[in-house]
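Visitor: Protein chains in written order, with our numbering: chain C, 62 to 204; chain A, 22 to 344.
Cβ coordinates follow ideal geometry from the N, Cα and C atoms, glycine included.
Below is the structure I would like to discuss, written out as structure tokens.
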């Protein structure tokens with residue numbers, strides 16, 4: 062189904078770590094900080110749990126943008142999960158750009174449980190950036 | 022017959038005869054001049070079939086995984102690139118050092134049959150043998166000598182470790198590293214990276230569109246040594262079965278990513294790819310980024326260290342917005 066740029070609503074998948082970013086999303090909610098309904102939050106135990114396959118799979122199944130959000134370095138509930146995630150996604154992000162995926166579509170951010178405002182700001186920014194890019198056709202299933 | 026082949030046969034026969042090993046992996050000559058597949062020698066009398074010629078390019082190391090399941094100790098001949106595969110298996114704990122007897126073969130590069138066919142008429146070539154720095158091409162009507170360096174495989178042109186990095190016995194003297202390999206190593210990666218973003222995507226989409234998902238790149242790779250591979254799993258099924266570019270890209274991205282920091286640039290994936298996909302341009306891009314962000318690292322040189330994506334430092338830089 063063709064989507065005109067005016068009528069286009071991006072679909073953003075956000076993998077949020079249970080201990081920080083998901084709590085950040087809760088805080089954004091309870092403190093009435095609005096963020097776009099384009100964002101679908103998927104709760105994961107840790108940013109280190111996010112398998113690069115999840116990201117490719119999300120793009121394949123129709124995501125226009127993917128965010129991985131975790132605790133700030135040093136704050137991981139499991140001590141080192143986000144340090145591993147940082148190395149992993151540093152490399153993956155460069156690889157996706159190299160293969161021609163727009164860098165705005167895949168983002169990694171550190172959002173703590175007390176950063177409700179940041180959560181809402183990041184989601185607004187990401188949604189707007191992806192909206193400008195339009196629908197993602199790369200990596201997408203033909204089915 | 023070349024003295025190199027004779028040395029292989031003598032070493033294999035001796036190791037098998039005295040019972041140090043019960044199987045030796047090397048190469049043998051097959052029907053055509055460009056074919057030198059991996060040979061499995063189980064008795065000293067069979068060592069005669071071994072040969073080391075300009076096409077003994079296959080990496081026998083991957084076969085160690087199955088060979089060591091039914092043999093207590095296996096002898097294996099390794100070139101520089103193959104030997105790093107052994108370190109790969111040791112580091113991944115898929116192999117114990119005592120399980121292998123390693124014969125090191127310093128190697129100044131293997132020949133590309135396509136380059137030979139481009140110069141000599143294919144139907145006339147009978148045999149191609151290495152004689153020092155030269156290739157001796159025997160044709161149906163006479164023979165010719167050419168410089169071996171002009172007919173090297175693409176992967177051998179950028180080889181930084183022509184001499185085995187792990188071995189029990191070295192069969193002959195080490196050879197020097199080719200001049201200028203460091204300059205050309207990332208040349209292809211940089212030329213792709215310089216393209217515009219949409220151009221890059223169409224470049225890669227065109228490459229991956231040819232992929233028939235034969236998984237040869239995975240099967241030959243000593244870094245792809247998982248007991249069960251996610252691409253074979255039915256539940257969860259990570260990879261669709263349909264011939265779909267998205268699924269192919271999924272496979273290619275994840276395959277490259279799974280060997281990130283563990284790929285030791287043997288280039289076999291690219292060489293054996295029946296569709297001619299430039300896989301090294303992806304593997305080397307990952308190596309470039311790992312060097313840039315986490316410090317220079319070469320996989321397969323030391324079985325004792327830990328691969329860069331299996332470890333971390335608190336002060337690591339991030340390749341994304343950390344604000």
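1. Could you compute how far the alpha carbon of residue 184 (chain A) sits from the alpha carbon of residue 80 (chain C)?
2. Counting only beta-carbon atoms, is residue 299 (chain A) nearer than 9 Å to chain C?
3. Are the CB atoms of residue 103 (chain C) and residue 75 (chain C) nearer to each other than 9 Å?
4. Would you mind telling me which residues of chain A sit closer than 8 Å to residue 106 (chain C), beta carbon to beta carbon, in chain order?
5. In three-state DSSP terms, what is residue 251 (chain A)?
6. With 9 Å as the threshold, decide whether the Cβ of residue 152 (chain C) is near any Cβ in chain A.
7. Can you tell me which of the three DSSP states residue 132 (chain A) falls into?
8. Report the neighbours of residue 121 (chain C) on chain A: residues whose CB is nearer than 7 Å to its CB, in chain order.
9. Please check if any C-beta of chain C sits within less than 9 Å of the C-beta of residue 306 (chain A).
10. Step through the CB atoms of chain C and report whether any lies within less than 9 Å of the CB of residue 282 (chain A).
11. Return the Cβ separation of residue 86 (chain A) and residue 246 (chain A) in integer angstroms, given the expectation that the two are a contact with Cβ distance under 8 Å.
12. Rounding to the nearest angstrom, what Cα-Cα distance links residue 179 (chain A) and residue 171 (chain A) in this structure?
13. Once you ignore the five residues that flank residue 295 (chain A) on each side, which residues in its own chain have a CB closer than 6 Å to its CB?
14. By the 8 Å beta-carbon criterion, what residues does the segment 143-168 of chain C contribute toward chain A?
15. For residue 328 (chain A) and residue 82 (chain A), I'd like the C-alpha separation in whole angstroms.
16. Considering only the alpha carbon of each residue, which of C:190, C:162, C:175, C:172 lies closest to residue 223 (chain A)?
17. Whole beta strand (DSSP E) runs in the segment 161-201 of chain C with 3 or more residues, listed along the chain?
18. Could you compute how far the alpha carbon of residue 338 (chain A) sits from the alpha carbon of residue 315 (chain A)?
19. Use the C-beta contact count for residue 193 (chain A): other C-beta atoms within 10 angstroms, 16 or more gives buried, fewer gives exposed.
20. Alpha helix (DSSP H) containing residue 147 (chain C): first to last residue?
21. For a contact defined as C-beta to C-beta under 8 Å, what are the partners of residue 259 (chain A) on chain C?
22. Kindly list, in the order they appear in chain C, the residues whose Cβ is closer than 7 Å to that of residue 328 (chain A).
23. Give every residue of the same chain whose Cβ lies closer than 7 Å to the Cβ of residue 72 (chain A), excluding the five residues on either side of it in the sequence, and list them in chain order.
24. Should the segment 157-167 of chain A be called in touch with the segment 226-236 of chain A, which here means at least 3 C-beta pairs below 8 Å?
25. What did DSSP end up calling residue 298 (chain A) once you bin it into helix, strand or coil?
26. Can you tell me whether DSSP reads residue 109 (chain C) as helix, strand or coil?
27. So residue 200 (chain C) and residue 126 (chain C) are supposed to be a Cβ contact under 8 Å. How far apart are they, rounded?
28. With a threshold of 9 Å between beta-carbons, can residue 340 (chain A) be considered close to chain C, or not?
29. Let me check one thing: in DSSP terms, what residues is residue 137 (chain C) bridge-paired to?
30. Can you check which of these residues, C:118, C:95, C:78, C:167, is closest to residue 133 (chain C) by C-alpha distance?
31. Do you know how far the Cα of residue 70 (chain A) is from the Cα of residue 189 (chain A)?
32. Cβ closer than 8 Å: which chain C residues qualify as neighbours of residue 310 (chain A)?
33. Would you tell me roughly how many angstroms separate the C-alpha atoms of residue 287 (chain A) and residue 103 (chain A), rounded to the nearest one?
34. With a CB to CB cut of under 7 Å and the five nearest residues on each side skipped, what residues in its chain are close to residue 202 (chain C)?
35. Tell me whether the beta-carbon of residue 45 (chain A) lies closer than 9 Å to the beta-carbon of residue 33 (chain A).
36. Rank C:159, C:101, C:160, C:146 by C-alpha distance to the C-alpha of residue 343 (chain A) and give the top, closest one.
Guide: According to the structure data:
1. Here residue 184 (chain A) is taken as the residue at index 163 of the second chain, counted from 1. Here residue 80 (chain C) is taken as the residue at index 19 of the first chain, counted from 1. Rounded to the nearest angstrom, the two C-alpha atoms are 50 Å apart.
2. As a first step, residue 299 (chain A) is located in the second chain; it is residue number 278 there, counting from the start. No, no contact with chain C.
3. In the first chain, counting from the first residue as 1, residue 103 (chain C) sits at position 42. In the first chain, counting from the first residue as 1, residue 75 (chain C) sits at position 14. Remark: C-beta atoms of residue 103 (chain C) and residue 75 (chain C) approach each other more closely than 9 Å.
4. Residue numbering aside, residue 106 (chain C) sits at position 45 when the first chain is read from its first letter. What residue 106 (chain C) touches in chain A: nothing, since even the nearest Cβ is about 17 Å away.
5. Start at 1 with the first residue of the second chain, and residue 251 (chain A) comes out as number 230. Helix, per DSSP.
6. Within the first chain, residue 152 (chain C) is the residue found at index 91, counting from 1. By this cut-off, residue 152 (chain C) is an interface position.
7. Indexing the second chain from 1 puts residue 132 (chain A) at position 111. Three-state DSSP puts residue 132 (chain A) in a strand.
8. In the first chain, residue 121 (chain C) corresponds to position 60, counting from 1. Here the neighbours are 267, 271.
9. Here residue 306 (chain A) refers to the residue found at position 285 of the second chain. Under the Cβ criterion of 9 Å, residue 306 (chain A) is counted among the residues facing chain C.
10. In the second chain, counting from the first residue as 1, residue 282 (chain A) sits at position 261. Interface annotation, residue 282 (chain A): in contact with chain C, CB-CB separation under 9 Å.
11. Residue mapping note: residue 86 (chain A) aligns to position 65 of the second chain, counting from 1. Residue mapping note: residue 246 (chain A) aligns to position 225 of the second chain, counting from 1. Yes, they are in contact, since the Cβ atoms of residue 86 (chain A) and residue 246 (chain A) sit about 6 Å apart, within 8 Å.
12. Counted from its first residue, the second chain places residue 179 (chain A) at position 158. Counted from its first residue, the second chain places residue 171 (chain A) at position 150. Going by the C-alpha atoms only, they are around 14 Å apart.
13. In the second chain, residue 295 (chain A) corresponds to position 274, counting from 1. Closer than 6 Å at Cβ, skipping near neighbours: no residue.
14. Taking 8 Å as the Cβ-Cβ cut-off against chain A, the residues of the segment 143-168 of chain C that qualify are 144, 145, 147, 148, 149, 150, 151, 152, 153, 154, 155, 156, 157, 158, 159, 160, 161, 162, 163, 168.
15. As a working mapping, residue 328 (chain A) is identified with position 307 in the second chain. As a working mapping, residue 82 (chain A) is identified with position 61 in the second chain. So the alpha carbons of these two residues sit roughly 19 Å apart.
16. Taking the second chain and counting its residues from 1, one reaches residue 223 (chain A) at position 202. It is C:162.
17. Every beta strand (DSSP E) stretch that sits fully inside the segment 161-201 of chain C and reaches 3 residues is listed by chain position as 167-171.
18. Residue 338 (chain A) sits at position 317 when you count from the first residue of the second chain. Residue 315 (chain A) sits at position 294 when you count from the first residue of the second chain. Rounded to whole angstroms, the separation of the alpha carbons of residue 315 (chain A) and residue 338 (chain A) is 8 Å.
19. The sequence position of residue 193 (chain A) within the second chain is 172, counting from 1. Counting Cβ neighbours within 10 Å, residue 193 (chain A) comes out exposed, since fewer than 16 surround it.
20. Taking the first residue of the first chain as 1, we reach residue 147 (chain C) at position 86. Its alpha helix (DSSP H) spans residues 142-159.
21. Working through the second chain from its first residue, we reach residue 259 (chain A) at position 238. Chain C residues near residue 259 (chain A): 114, 118.
22. Within the second chain, the letter at position 307 stands for residue 328 (chain A). By Cβ distance, chain C contributes nothing, its closest Cβ being about 10 Å from residue 328 (chain A), past 7 Å.
23. Along the second chain, one-based indexing puts residue 72 (chain A) at 51. 26, 48, 49, 50, 57, listed in sequence order.
24. The count of Cβ pairs closer than 8 Å, one atom from the segment 157-167 of chain A and one from the segment 226-236 of chain A, stays below three, leaving the stretches out of contact.
25. In the second chain, residue 298 (chain A) corresponds to position 277, counting from 1. The answer is coil: DSSP assigns residue 298 (chain A) none of H, G, I, E or B.
26. Within the first chain, residue 109 (chain C) is the residue found at index 48, counting from 1. Three-state result, residue 109 (chain C): helix.
27. As a working mapping, residue 200 (chain C) is identified with position 139 in the first chain. As a working mapping, residue 126 (chain C) is identified with position 65 in the first chain. Not quite, the Cβ-Cβ distance comes to about 12 Å (not below 8 Å), so this is no contact.
28. Start at 1 with the first residue of the second chain, and residue 340 (chain A) comes out as number 319. So yes, residue 340 (chain A) belongs to the interface.
29. The residue labelled residue 137 (chain C) in the question sits at position 76 within the first chain. Answer by DSSP bridge pairing: none, since residue 137 (chain C) is not bridged.
30. In the first chain, the residue the question calls residue 133 (chain C) occupies position 72. If we check each option's Cα against that of residue 133 (chain C), C:78 comes out closest.
31. Walking along the second chain from the start, residue 189 (chain A) turns up at place 168. Walking along the second chain from the start, residue 70 (chain A) turns up at place 49. Those two C-alpha atoms are separated by around 22 Å.
32. Reading the second chain from its first residue, position 289 is the one you call residue 310 (chain A). Those are 151, 152, 155, 156, listed as they occur along chain C.
33. Within the second chain, residue 287 (chain A) is the residue found at index 266, counting from 1. Within the second chain, residue 103 (chain A) is the residue found at index 82, counting from 1. C-alpha separation (whole angstroms): 8 Å.
34. Residue mapping note: residue 202 (chain C) aligns to position 141 of the first chain, counting from 1. Shown here for residue 202 (chain C): same chain residues with a beta carbon closer than 7 Å to its own, the five before and five after excluded, namely 121, 122 in chain order.
35. The residue given as residue 45 (chain A) occupies position 24 in the second chain. The residue given as residue 33 (chain A) occupies position 12 in the second chain. A contact, by the Cβ cut-off of 9 Å.
36. Along the second chain, one-based indexing puts residue 343 (chain A) at 322. Selected option, being the one with the closest Cα: C:146.
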